[in-house]
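Scroll down for the structure; my scribbles are underneath it.
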């Protein structure tokens with residue numbers, strides 16, 4: 001527990017009787033003007049069925065390589081629903097139909113994040129779960145194979161192959177020190193002079209590496225008429241040049257030292273040796289297996305535009321989320337606009353990538369600067385209409401949470417211009433926070449008049465009116481969408497203000513009975529403390545902490561664990577054991 005928690009707990013210990021017998025002694029009872037519905041940071045539509053039907057039609061008619069992107073759009077739509085199974089199923093389908101390495105890496109890591117594998121002890125981020133779609137090795141292989149979704153991973157076979165290869169290489173001298181052509185004395189017809197070393201090579205085989213080499217060795221250059229070429233000014237060592245000669249004969253680099261392969265990759269870029277570059281890229285990608293190696297190699301990969309190497313480094317960072325998001329080097333990589341441009345040059349800057357990063361950052365801390373910067377990168381990558389709607393809307397939600405209302409209004413309005421009607425709720429809320437309550441009311445009134453009404457429209461309009469009109473809007477919102485929790489909370493707190501605690505608890509029980517959320521459990525615990533039903537309050541707070549272990553209660557002033565400790569002092573041991581094992585979070589008290 002943090003130092004601030006201990007200080008808060010110490011203060012509360014001095015007023016334990018008053019805190020638990022009269023909640024208003026320290027924090028005050030809940031009030032209707034202190035609660036308001038949160039704006040969902042997801043896509044919401046007035047004609048939800050029409051939107052889903054349109055996505056289905058496009059899935060039926062699009063090309064195979066387009067399916068993954070359409071499934072991601074469907075995923076963004078389902079994210080706003082209360083059923084996480086639909087959302088995860090769309091993620092799986094998007095991964096199933098992914099064809100490029102970048103999409104496979106991001107989606108595999110996203111699926112791992114959704115399973116919360118990072119919370120399991122003894123599980124490494126690079127461990128394979130056994131199926132191809134989520135295997136870190138398979139993600140680095142390009143190609144489209146939607147039928148492989150249930151195929152077992154080939155990792156065990158690959159590992160056996162690696163062991164066989166190591167056994168074959170064991171006992172051999174360094175690959176750059178032996179010569180494939182030693183048995184053929186006349187195979188060498190050219191020497192590259194690097195410092196005091198002369199590296200014997202075959203002119204034809206070196207020329208076959210690329211067109212620049214062919215032009216240099218067989219064209220009109222003076223090197224074509226020489227058997228000794230001075231190569232010291234090209235930044236390559238004699239050892240690496242020997243390796244280049246070996247590759248020109250064997251087409252393999254997996255027996256070289258990684259430092260030699262680094263030099264070969266630089267040589268390949270300088271002389272446009274595509275085959276050599278691909279071999280070096282694939283080999284270096286295979287040696288990236290932890291955060292340390294990924295942090296060291298990512299800059300080199302970006303500098304040399306090594307697609308697979310950068311993909312392997314990104315895969316480590318993404319599979320280590322949320323832990324990797326606390327690494328300053330990783331944050332600089334993801335948050336910087338300049339680095340995003342470098343990622344784009346190598347084919348690894350996408351809306352998909354920053355959508356995942358922003359999603360993880362918002363879950364960790366919605367108000368952080370990191371979240372804002374990642375969303376700004378997401379905006380830069382957005383090209384399709386739905387992508388812009390989502391990016392603008394989420395930036396508006398974050399700015400609203402940060403109480404930067406002018407910027408929030410700007411981003412919400414941008415989302416509205418892209419056709420996202422739900423963002424008008426954000427525009428109205430930002431206007432209201434800036435003191436324009438009547439404008440907010442007129443905006444929501446116009447939205448209801450111009451569209452087929454939805455529950456969330458009446459819920460939002462209720463914030464900007466009072467009396468019977470407010471209650472009517474709240475009741476209409478409940479009739480249209482019984483899953484909206486704010487109307488129940490408002491009615492319950494209104495009853496509490498009239499000293500009707502029993503009816504208040506019955507009202508909040510209605511929503512808890514079929515939709516359990518931390519805020520509703522907190523409200524009921526608050527009511528139960530007022531009734532001195534500490535056993536029931538303890539049960540609700542513990543249930544709440546299973547949903548959100550970091551939840552702050554009483555308007556964000558007290559950590560849930562602190563309240564549990566205080567309540568335990570007023571609940572007999574036997575009752576505490578029952579409360580800890582039996583979360584009766586639904587139904588009447």
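Numbering (the UniProt record's numbering), first residue to last: 1 to 589. By construction, the Cβ of each residue, glycine as well, lies at the ideal position given by its N, Cα and C atoms.
Whole-angstrom distance between residue j and residue i, CA atom to CA atom
i: residue 92; j: residue 151; result: 14 angstroms
i: residue 409; j: residue 283; result: 49 angstroms
i: residue 416; j: residue 235; result: 54 angstroms
i: residue 190; j: residue 256; result: 23 angstroms
i: residue 207; j: residue 239; result: 19 angstroms
i: residue 570; j: residue 539; result: 13 angstroms
i: residue 336; j: residue 373; result: 8 angstroms
i: residue 371; j: residue 529; result: 36 angstroms
i: residue 70; j: residue 84; result: 18 angstroms
i: residue 362; j: residue 466; result: 33 angstroms
i: residue 447; j: residue 456; result: 11 angstroms
i: residue 329; j: residue 298; result: 10 angstroms
i: residue 568; j: residue 498; result: 29 angstroms
i: residue 590; j: residue 51; result: In the structure as shown, the chain begins at 1 and stops at 589. Residue 590 is therefore absent and cannot be evaluated.
i: residue 444; j: residue 451; result: 11 angstroms
i: residue 144; j: residue 153; result: 16 angstroms
i: residue 500; j: residue 494; result: 9 angstroms
i: residue 463; j: residue 296; result: 52 angstroms
i: residue 289; j: residue 134; result: 16 angstroms
i: residue 35; j: residue 519; result: 10 angstroms
i: residue 302; j: residue 342; result: 6 angstroms
i: residue 533; j: residue 454; result: 38 angstroms
i: residue 360; j: residue 61; result: 32 angstroms
i: residue 45; j: residue 81; result: 11 angstroms
Terminal residues of the alpha helix (DSSP H) in which residue i lies
i: residue 425; result: 423-433
i: residue 245; result: 238-250
i: residue 354; result: 351-364
i: residue 590; result: With the chain running from 1 to 589 in the structure shown, residue 590 is simply not present.
i: residue 508; result: 501-512
i: residue 471; result: 467-480
i: residue 488; result: 486-497
i: residue 255; result: Taken as a continuous stretch (DSSP letters only), residue 255 belongs to no alpha helix (DSSP H), as it is neither H nor E.
i: residue 115; result: 101-115
i: residue 333; result: 328-335
i: residue 212; result: 211-218
i: residue 144; result: Note, residue 144: premise wrong, no alpha helix (DSSP H); not H, not E.
Beta carbon of residue i nearer than 8 angstroms to that of residue j
i: residue 523; j: residue 543; result: no
i: residue 101; j: residue 132; result: no
i: residue 389; j: residue 418; result: yes
i: residue 30; j: residue 496; result: yes
i: residue 210; j: residue 271; result: yes
i: residue 75; j: residue 94; result: yes
i: residue 511; j: residue 488; result: yes
i: residue 188; j: residue 200; result: yes
i: residue 267; j: residue 244; result: yes
i: residue 241; j: residue 192; result: yes
i: residue 37; j: residue 397; result: no
i: residue 556; j: residue 545; result: no
i: residue 293; j: residue 263; result: no
i: residue 553; j: residue 566; result: no
i: residue 353; j: residue 106; result: yes
Whole-number beta carbon distance between residue j and residue i, since they are thought to touch under 8 angstroms
i: residue 305; j: residue 333; result: Wrong, their Cβ atoms sit about 16 angstroms apart, outside the cutoff.
i: residue 278; j: residue 265; result: Residue 278 to residue 265, Cβ: 10 angstroms. No contact.
i: residue 433; j: residue 402; result: That pair is no contact at about 12 angstroms.
i: residue 86; j: residue 99; result: In fact, because the Cβ distance is near 24 angstroms, the residues do not count as touching under 8 angstroms.
i: residue 459; j: residue 441; result: In fact, because the Cβ distance is near 13 angstroms, the residues do not count as touching under 8 angstroms.
i: residue 136; j: residue 315; result: 6 angstroms
i: residue 112; j: residue 326; result: At roughly 18 angstroms, the Cβ-Cβ gap does not stay under 8 angstroms, so residue 112 and residue 326 are not in contact.
i: residue 311; j: residue 349; result: Not really, about 12 angstroms apart at Cβ, beyond 8 angstroms.
i: residue 394; j: residue 423; result: In fact, because the Cβ distance is near 10 angstroms, the residues do not count as touching under 8 angstroms.
i: residue 378; j: residue 391; result: 5 angstroms
i: residue 103; j: residue 68; result: 6 angstroms
Three-state class that DSSP yields for residue i in the structure shown
i: residue 322; result: coil
i: residue 128; result: coil
i: residue 200; result: strand
i: residue 183; result: In this prediction, residue 183 has a pLDDT of 44, which is less than 50 and means its spatial position is unreliable; nothing more can be read from the coordinates.
i: residue 307; result: helix
i: residue 152; result: strand
i: residue 516; result: coil
i: residue 559; result: strand
Residue span of the beta strand (DSSP E) that contains residue i, given as start and end
i: residue 597; result: In the structure as shown, the chain begins at 1 and stops at 589. Residue 597 is therefore absent and cannot be evaluated.
i: residue 229; result: 228-230
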